[in-house]
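S.K.: Sharing a structure with you now.
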Amino acid sequence: MKTHQQEPPVSASQIHSVELDQKVFQPHSIPSAAASPHRNGAKEEPPIVSVSDSDHQIHSAELDHKELQPQSILPAAAAAAASAHCNGAKEEPPIVFVSDSDHQKLRTSPARQTSVSMGEINRAEYVSVGESPSPAVVSNAKKVSVLPLVFLIFYEVSGGPFGVEDSVGAAGPLLALLGFLVFPLIWSIPEALITAEMGTMFPENGGYVVWVSSALGPFWGFQQGWMKWLSGVIDNALYPVLFLDYLKSEIPALGGGLPRVAAVLALTVILTYMNYRGLTIVGWVAVILGVFSILPFAVMGLVSIPKLRPARWVVVNLKDVDWNLYLNTLFWNLNYWDSISTLAGEVENPNKTLPKALFYALILVVLSYFLPLLSGTGAIALNRELWTDGYFSDVAKIIGGAWLGWWIQGAAAMSNMGMFVAEMSSDSFQLLGMAERGMLPEFFSKRSRHGTPLIGILFSASGVVLLSWLSFQEIVAAENFLYCFGMILEFLAFIKLRIKHPAASRPYKIPVGTAGSILMCIPPTILICIVLALSTVKVMIVSLAAVAIGLLLQPGLKYVEKKRWLKFSVSADLPDLHFANRDRPDTLVY
211 MKTHQQEPPV SASQIHSVEL DQKVFQPHSI PSAAASPHRN GAKEEPPIVS VSDSDHQIHS
271 AELDHKELQP QSILPAAAAA AASAHCNGAK EEPPIVFVSD SDHQKLRTSP ARQTSVSMGE
331 INRAEYVSVG ESPSPAVVSN AKKVSVLPLV FLIFYEVSGG PFGVEDSVGA AGPLLALLGF
391 LVFPLIWSIP EALITAEMGT MFPENGGYVV WVSSALGPFW GFQQGWMKWL SGVIDNALYP
451 VLFLDYLKSE IPALGGGLPR VAAVLALTVI LTYMNYRGLT IVGWVAVILG VFSILPFAVM
511 GLVSIPKLRP ARWVVVNLKD VDWNLYLNTL FWNLNYWDSI STLAGEVENP NKTLPKALFY
571 ALILVVLSYF LPLLSGTGAI ALNRELWTDG YFSDVAKIIG GAWLGWWIQG AAAMSNMGMF
631 VAEMSSDSFQ LLGMAERGML PEFFSKRSRH GTPLIGILFS ASGVVLLSWL SFQEIVAAEN
691 FLYCFGMILE FLAFIKLRIK HPAASRPYKI PVGTAGSILM CIPPTILICI VLALSTVKVM
751 IVSLAAVAIG LLLQPGLKYV EKKRWLKFSV SADLPDLHFA NRDRPDTLVY
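In our numbering, the protein residues as written are 211 to 800.
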């Protein structure tokens, strides 16, 4: 490095006695350094400060959120300029240089403050000594708007009344109808509200993984990500199977053997490619499939009106209730509201769009379950043994004729396609978000030219293929078990952040205090305990084994990172979770 010979260079130690990013630029303070030379009649040349390219890359993004304060940033340089003017010397603009060692200190200083509130994006990167920062990735993918987001949530949670038939078979019409009215109050509304608050607090890919990491630390954040991802992949393995089940009555060859295996693989490849092409495409495909899936049930409801017998709705026999099947059916059909949080970084204006979309989707989901059950159980005589998965197509044939039954059959097949693409989007972007937080190797954060997480999509698709041999009941029970563990961590994170950081920025905040937040989480927690207690021994053993793998996987990945066998890095586009000032309530800390 070189300096002008007329003036002695200002040392890097003088410059960095005050951290650059702790200060704010206040233009009104500039004249203080130049007042003396003006009074002595010396001609002033404005001092120029040069900053190295590497330092500029770090701080240029922060200037978007800060005002500049020359007297705070460069006190030594200002003093040198003032002294030169007072002596009447003609001033050459001093040049300030930043050494490599100072550059590293500046990035890793424990005293640096973060002016980023929870949920606000800061382009400055926070890394530890020896850690390699990842370059900022600019995605050209279009953001998801309200309507596609509503139907993505609809397919994450529901997809229509396909699969609710078992609730009637397990408990009869009255408990089935009451279940889909009461269960949303106990489970769906609290989960949706928490998702709205936390999703706008942390509007980035990774969703609930980031929530738990911020509140409970990165170890439990990883466990949350592992359990939720595995639960989602198990769930997604169900949809190609259900798709073929709805078609095998017309194409018997799809009932088993090699043709069925080939069909599962082909369907998985086609839907995976759709996810690869972009989330916006997936969102609008979900809108089209959603309208096609809901419309035949609206027609069935209108046709069934003359045939309704209200007395059929109140049939119940509490001595003949399969509580395990009943609760698992309700739970499976009304959970996964938090899955959309893993796509928050791809949403247009998430602070407003996400809560609005969750509200509309909640209404859509509840109505899409309750009204078909109301018309189906009220229009035909009850035979509980027939109310199993896929029975709605038979109900439609009885009520409206063969044409309506075929329409619902086709709608069911399309609905499974919609649920597959929505779930895979959530699972793959979750892996991307975890990689951007340094929890997974950096290659998981790579995007395709369409802005989609290619490696995450391939991993999720592979899991679907490997798990597609499981039966429907085993899939539902296993995913519910893992999902329950993940929800317990989410509730703990939500409550802890409310207690420890009540003043943190929350663009959407549930209108209850700390006590109300705790009370809101009690009913769903009780329900979780009941679902876990009713699990079979086989499901419990398999699920606990999956949890144990996650407990070993996280320290294993840390060892790989320590040995530098794979590259891990924290994205420069995200606010810091772990190294910010822990005493400030408006920073992302745990």
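We put the beta carbon where it would ideally sit given N, CA and C, even for glycine. Fair warning: this is a prediction, and the values are worked out from it, not measured in the lab.
Going along the chain, which residues of its own chain have a beta-carbon closer than 7 Å to the beta-carbon of L273, five neighbours each way excluded?
M.R.: The pLDDT assigned to L273 is 40, lower than 50, so where the model puts this residue is not dependable; a value taken from the coordinates is nonetheless given after this. There are no such residues.
S.K.: Have a look at S377 and L699 and give me their C-alpha separation to the nearest angstrom.
M.R.: In a straight line, the C-alpha of S377 is about 28 Å away from that of L699.
S.K.: A521 to I590, Cα distance in whole Å?
M.R.: One C-alpha to the other measures close to 11 Å.
S.K.: Note down, in chain order, each residue of its chain lying with its Cβ closer than 6 Å to the Cβ of P462, except the 5 sequence neighbours on either side.
M.R.: Excluding residues within five positions, none has a Cβ falling inside 6 Å.
S.K.: Can you tell me where the alpha helix (DSSP H) holding S603 begins and where it ends?
M.R.: Here the alpha helix (DSSP H) through S603 covers F602 to G610.
S.K.: How should W533 be labelled, buried or exposed, when 16 other C-beta atoms within 10 angstroms of its C-beta is the threshold for buried?
M.R.: Burial call: exposed.
S.K.: Does the separation of the CB atoms of A623 and F453 fall below 8 Å?
M.R.: For A623 and F453, yes; Cβs fall inside 8 Å.
S.K.: Quick one: measure Cβ to Cβ for V631 and V495, integer angstroms, because I've assumed they're closer than 8 Å.
M.R.: Going by Cβ atoms, the distance from V631 to V495 rounds to 7 Å, so yes, they are a contact pair.
S.K.: Relative to the C-alpha of S635, which candidate in M730, N415, S745 and G431 has its C-alpha closest?
M.R.: Checking every option, the nearest Cα to that of S635 belongs to N415.
S.K.: Check for me: the alpha helix (DSSP H) holding W523 runs from which residue to which?
M.R.: Premise fails: W523 is in no alpha helix (DSSP H) and is neither H nor E.
S.K.: Considering only the beta carbon of each residue, do G370 and S658 sit closer than 8 Å?
M.R.: Not closer than 8 Å, so no.
S.K.: CA-CA distance, D445 and G673?
M.R.: Distance between the alpha carbons of D445 and G673 is about 10 Å.
S.K.: Using alpha carbons as the reference points, say which of L384, D604 and A447 lies closest to V531.
M.R.: Out of L384, D604 and A447, L384 has the C-alpha closest to the C-alpha of V531.
S.K.: Starting from the Cα of M629, find the closest Cα among V557, Y546 and L642 and give me that residue.
M.R.: Checking every option, the nearest Cα to that of M629 belongs to Y546.
S.K.: Whose CA, out of P565, Q434, I738 and D548, lies closest to the CA of L761?
M.R.: Closest by alpha carbon: Q434.
S.K.: So, with DSSP's three-state summary, where would you put R708?
M.R.: If DSSP states are grouped into helix, strand and coil, R708 belongs with the helices.
S.K.: Cutting at 7 Å between CB atoms, please list the residues of its own chain near T478, excluding the five before and the five after it.
M.R.: So the list reads P450, A671, V674 and V675, once near-sequence residues are dropped.
S.K.: Are the segment 689-708 and the segment 746-760 in contact at 8 Å, needing three or more beta carbon pairs?
M.R.: The segment 689-708 is in contact with the segment 746-760.
S.K.: Classify P516 as buried or exposed, calling it buried when 16 or more other Cβ atoms lie within 10 Å of its own Cβ.
M.R.: It is exposed - the Cβ of P516 has fewer than 16 other Cβ atoms within 10 Å.
S.K.: Starting from R647, follow its DSSP beta bridges and name the residues at the other end.
M.R.: In DSSP, R647 forms a bridge with V780.
S.K.: To the nearest angstrom, how far is it from the Cα of L278 to the Cα of L763?
M.R.: With a pLDDT of 38 at L278, under the threshold of 50, the modelled position of that residue is not reliable, and no figure is offered here.
S.K.: With DSSP collapsed to three states, give me the class of L787.
M.R.: Residue state, collapsed to three classes: coil.
S.K.: Can you say whether N485 is buried or exposed, counting buried as having 16 or more other CB atoms within 10 angstroms of its CB?
M.R.: Classification of N485: buried, given that the 10 Å Cβ count is 16 or more.
S.K.: If you count every other CB in all the chains shown that lies within 10 Å of the CB of C739, and 16 or more means buried, which is it?
M.R.: C739 should be labelled exposed.
S.K.: Can you grab the Cα-Cα spacing for the pair M408 / S727, in whole Å?
M.R.: For M408 and S727, the distance between alpha carbons rounds to 13 Å.
S.K.: Drop a sphere of 10 angstroms on the beta-carbon of V722, count the other beta-carbons inside from all chains shown, and report buried for 16 or more, exposed for fewer.
M.R.: Label assigned to V722: exposed.
S.K.: Assuming L387 and L584 are in contact, meaning their beta carbons sit under 8 Å apart, how far apart are those beta carbons, in whole angstroms?
M.R.: Their Cβ separation, rounded to whole angstroms, is 7 Å, which keeps L387 and L584 in contact under 8 Å.
S.K.: Anyone know if the C-beta pair for V367 and V497 falls short of 8 Å?
M.R.: No.
S.K.: Mind checking whether S398 and F412 have CB atoms under 8 Å apart?
M.R.: For S398 and F412, no; Cβs fall outside 8 Å.
S.K.: Would you kindly work out how many angstroms separate the C-alpha atoms of G511 and L403, rounded to a whole number?
M.R.: One C-alpha to the other measures close to 30 Å.
S.K.: Got a sec? Which residues, its chain only, sit under 6 Å from A380 by beta carbon, not counting five neighbours each side?
M.R.: Answer for A380: D532, L535 and Y536, listed in chain order.
S.K.: Can you check which of these residues, V422, A406, E652 and F372, is closest to L787 by C-alpha distance?
M.R.: The option with the nearest alpha carbon to L787 is V422.
S.K.: Looking at S603 and G615, is the spacing between their C-beta atoms short of 8 Å?
M.R.: Contact: yes.
S.K.: Who are V557's beta bridge partners in DSSP?
M.R.: DSSP lists V354 as partners of V557.
S.K.: G382 and V605: beta carbons closer than 8 Å?
M.R.: The answer is no: Cβ separation not under 8 Å.
S.K.: Would you mind stating whether V557 and V419 have Cβ atoms separated by less than 8 Å?
M.R.: No, the pair does not count as a contact, with Cβ atoms beyond the cut-off.
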